[in-house]
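Just so we're aligned, residue 7 is where the sequence shown starts under my numbering, counting upward by one.
For every residue, glycine included, the Cβ atom is placed at its ideal position computed from N, Cα and C.
Since we're looking at a predicted model, the values are computed, not measured.
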Amino acid sequence: MNVDDVAGRIEIDREQSRSWVEVAQSARLMRDLLAETPPAIDGSPFRVIDHGLPQSCETWCRSYLTSALEHLGMWADFVAPMTFHPDAVIRHDARPAQTLARAALESASQAVWVMASRDPREVLRRHMSLVLADWAEQRKAEVDPARKTALKQQRLDLLDILQSHGIKVDDPSYLTLVTAAAHEVRTSFSDGDLGDPVQVERLWRTSAGSAHGKMWPSLELRVTVEIGGQPFSFPDADAMSAILVLADKITQYGVLRFIDYSGHEPQLAERLRSISRRWYECIPKVAGAPERLEDVAGYPSPGATHTTFNDAQ
Numbered sequence: 007m008n009v010d011d012v013a014g015r016i017e018i019d020r021e022q023s024r025s026w027v028e029v030a031q032s033a034r035l036m037r038d039l040l041a042e043t044p045p046a047i048d049g050s051p052f053r054v055i056d057h058g059l060p061q062s063c064e065t066w067c068r069s070y071l072t073s074a075l076e077h078l079g080m081w082a083d084f085v086a087p088m089t090f091h092p093d094a095v096i097r098h099d100a101r102p103a104q105t106l107a108r109a110a111l112e113s114a115s116q117a118v119w120v121m122a123s124r125d126p127r128e129v130l131r132r133h134m135s136l137v138l139a140d141w142a143e144q145r146k147a148e149v150d151p152a153r154k155t156a157l158k159q160q161r162l163d164l165l166d167i168l169q170s171h172g173i174k175v176d177d178p179s180y181l182t183l184v185t186a187a188a189h190e191v192r193t194s195f196s197d198g199d200l201g202d203p204v205q206v207e208r209l210w211r212t213s214a215g216s217a218h219g220k221m222w223p224s225l226e227l228r229v230t231v232e233i234g235g236q237p238f239s240f241p242d243a244d245a246m247s248a249i250l251v252l253a254d255k256i257t258q259y260g261v262l263r264f265i266d267y268s269g270h271e272p273q274l275a276e277r278l279r280s281i282s283r284r285w286y287e288c289i290p291k292v293a294g295a296p297e298r299l300e301d302v303a304g305y306p307s308p309g310a311t312h313t314t315f316n317d318a319q
């Protein structure tokens with residue numbers, strides 16, 4: 007760790023920023039994987055749930071995950087650009103990283119929360135809860151009185167239909183969605199070490215505070231080091247990593263669950279390998295990195311279902 011000649015700036019070493027690049031490359035891979043997932047097939051959970059629904063659960067879950075990956079994709083283009091200028095210097099501040107990660111986390115958590123249940127009726131109830139909450143926000147934002155009235159009636163009509171079938175909806179907070187999604191990933195995903203619910207809540211609250219310009223995250227999410235007898239205070243790189251990794255893991259799980267609910271899980275392993283190889287050919291590589299993805303240390307065997315290429319960049 008070295009302080010350069012620009013006041014208030016300190017160099018981030020490769021080991022500290024490794025997880026940032028891992029999140030970036032994961033986002034790119036997941037973005038292609040989701041975009042190239044065809045519509046749900048007959049007999050899949052989504053087709054069963056969507057039968058007769060006025061608002062497709064498949065469409066809404068894809069939208070939540072697309073939103074998450076758009077935010078993480080912006081992080082990818084910032085922290086791990088596909089083209090480097092030899093003299094380029096990237097300045098990292100905590101608030102943008104926290105804000106992008108928070109947006110991705112909240113977006114993906116909605117999809118994960120909906121798909122966490124194995125009961126089609128409960129999936130439908132959760133989906134409709136988010137649809138109604140979405141429409142309520144749309145109505146609040148509408149400025150045309152006639153349109154506002156129509157949106158209110160649309161919501162009432164759907165509530166009547168749900169009540170006639172004995173389906174009670176709720177309006178979960180983002181904290182509820184995030185902690186529930188983290189619990190689902192923690193208990194169902196082999197790579198789901200996300201910390202306990204208290205830690206997850208703290209990560210979400212600090213990221214929300216950063217996005218809103220609150221003072222306390224900017225004070226707590228900093229580290230002070232002494233170099234050459236002089237103290238320097240900088241954003242906590244580990245805190246930035248923690249929220250980014252949380253957002254990435256929940257988004258990853260959401261994409262994989264979406265593919266399963268769409269009925270395309272049997273093709274997942276081969277699609278992951280194909281997309282990973284395609285991206286590996288494109289990304290800038292550190293000196294000495296293998297030219298082929300298959301030669302990267304730790305590359306999964308053909309029977310594995312998860313492929314990464316984080317160590318190359």
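| query | result |
| --- | --- |
| Within the region 175–241, ranges of the beta strand (DSSP E) (whole runs, at least 3 residues) | 228–233 and 236–241 |
| When Ala46, Asp242, Glu143 and Leu136 are compared against Pro272, the one with the closest alpha-carbon | Ala46 |
| Alpha carbon of Trp285 to alpha carbon of Gln22, nearest angstrom | 23 Å |
| Per-residue DSSP class, three states only, for Pro296 | coil |
| Neighbour-count burial assignment, His171, 16 or more Cβ in a 10 Å radius | exposed |
| Residue interval of the alpha helix (DSSP H) (run including Val54) | Pro51 to Asp56 |
| Proximity winner among Gly79, Leu181 and Leu40, relative to His270 (alpha-carbon distances) | Leu40 |
| Beta-carbon proximity list for Asn316, same chain, < 8 Å, skipping 5 on both sides | Only weak support is given to the placement of Asn316: the predicted model assigns it a pLDDT of 41, under 50, and the question is left unresolved by the model. |
| Ala86, DSSP secondary structure in three states | coil |
| C-beta atoms of Tyr70 and Ala107 nearer than 8 Å | no |
| CA-to-CA distance, Asp19 to Ile289, given in whole angstroms | 20 Å |
| Straight-line gap, Thr311 to Phe240 (C-alpha atoms, nearest Å) | With a pLDDT of 46 at Thr311, under the threshold of 50, the modelled position of that residue is not reliable, and the figure given next carries that caveat. About 39 Å. |
| CA nearest to the CA of Ala245, picked from Asp163, Ser213 and Gly49 | Ser213 |
| Contact belief for Met121 with Phe264 at Cβ below 8 Å, rounded distance in angstroms | 7 Å |
| C-beta contact flag for Ile249 and Leu209 at 8 Å | yes |
| C-alpha gap between Ala100 and Trp119, whole angstroms | 28 Å |
| Alpha-carbon spacing of Phe84 relative to Gln258, whole angstroms | 20 Å |
| C-beta atoms of Glu207 and Thr185 nearer than 8 Å | yes |
| Helix, strand or coil at Asp163 according to DSSP, with G and I counted as helix | helix |
| Rounded separation between Glu143 and Pro126 - CA only | 26 Å |
| Best match in Ser135, Pro203, Arg161 and Leu78 for proximity to Lys174 [C-alpha to C-alpha] | Ser135 |
| Check whether Ala325 and Leu111 have beta carbons under 8 Å apart | The displayed coordinates of the chain run from 7 to 319. Any statement about residue 325 would go beyond what the structure contains. |
| Nearest candidate by alpha-carbon position, reference Val129, set Arg68, Leu138 and Asp56 | Asp56 |
| Chain-order list of residues whose beta-carbon lies under 8 Å from that of Arg145 (same chain, five-residue window excluded) | Lys154, Leu157, Lys158 and Arg161 |
| Helix, strand or coil at Arg132 [DSSP, three-state] | helix |
| Three-way DSSP call (helix, strand, coil) for Asp254 in this model | helix |
| Proximity below 8 Å, CB of Ile256 to CB of Leu35 | no |
| CB contact below 8 Å: Ala107 versus chain C | In summary, chain C is missing from the structure at hand, where a single protein chain is found. |
| Asp176 versus Arg124: straight-line alpha-carbon distance, rounded | 19 Å |
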